[in-house]
Amino acid sequence: MNRSKIVAIITGAISILLAIAYLLLVQLLDFRGEMQPAPVSQLSVVSYQLSVVSGSW
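First residue of the sequence shown? That's 1 in the UniProt record's numbering, and the numbers climb one at a time after it.
Laid out in structure tokens, this is it:
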């Protein structure tokens, strides 16, 4: 086998391994459940902090 075929096979194998790892990571993150929104009481604190930082209070 010449060198270019070996490089192509190795590159393809790495690509397949990365794709499988990505799919496993996505499944793991999806398994955690639905994301919950922040409590409304916390939103006012963040809004105040952002207004102080931007200087528009």
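Just so you know, even glycine gets a beta-carbon here, dropped at the ideal spot from N, CA and C. These numbers come from a predicted model, not from an experiment.
Query, Result
"Cα-Cα separation between MET1 and LEU17, rounded to whole angstroms", "23 Å"
"Under the three-state DSSP convention, the category GLN36 falls into", "coil"
"Through-space distance from MET35 to SER26, alpha-carbon basis", "At residue 26 the sequence reads Val, which differs from the Ser that was named. Spanning the two alpha carbons is a distance of roughly 14 Å."
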